[in-house]
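The structure under discussion appears below in the form of structure tokens.
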Ligand SMILES: [Zn+2]
């Protein structure tokens, strides 16, 4: 893990923020489900359910825009998400050993 491109370029914390956002989104989804079963929650079921895609989108946007190559200015996370199949892109991002564009 320590020789990954993200860690080497000091961007490992960005992945942690991404997972925090995903975790928060999962909690919103859970809240919406609980609320749908008649439990009173702030925002209500509709409010919580509407925030789920917003949360998921924010997390992806954060990762795509936040992970930047300081050498060439590329956005490797965005390049990977565009080209990878669902379910494997985050592994590819975390296991990057060099910038896919400039090889730094
Ligand atoms: Zn680069």
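In our numbering, the protein residues as written are 241 to 344. Where a beta carbon is used, it is the ideal one built from N, C-alpha and C, also for glycine.
- Query: Between residue 333 and the rest of its own chain, which residues show a CB-CB distance below 6 Å, the 5 nearest in sequence each way excluded?
  - Reply: 317 and 320
- Item | Range covered by the alpha helix (DSSP H) that runs through residue 247 | 245-248
- Query: Taking the C-alpha atoms as reference points, what is the distance between residue 272 and residue 306?
  - Reply: 29 Å
- Query: Hey, would you say the C-beta of residue 254 is under 6 Å away from at least one heavy atom of ligand 1?
  - Reply: no
- Run through DSSP, which three-state label would residue 253 get? helix
- Message: Relative to the C-alpha of residue 302, which candidate in 253, 248 and 243 has its C-alpha closest?
- Response: With distances taken between Cα atoms, residue 302 lies closest to 253.
- What residue range is occupied by the uninterrupted alpha helix (DSSP H) comprising residue 304? 284-306
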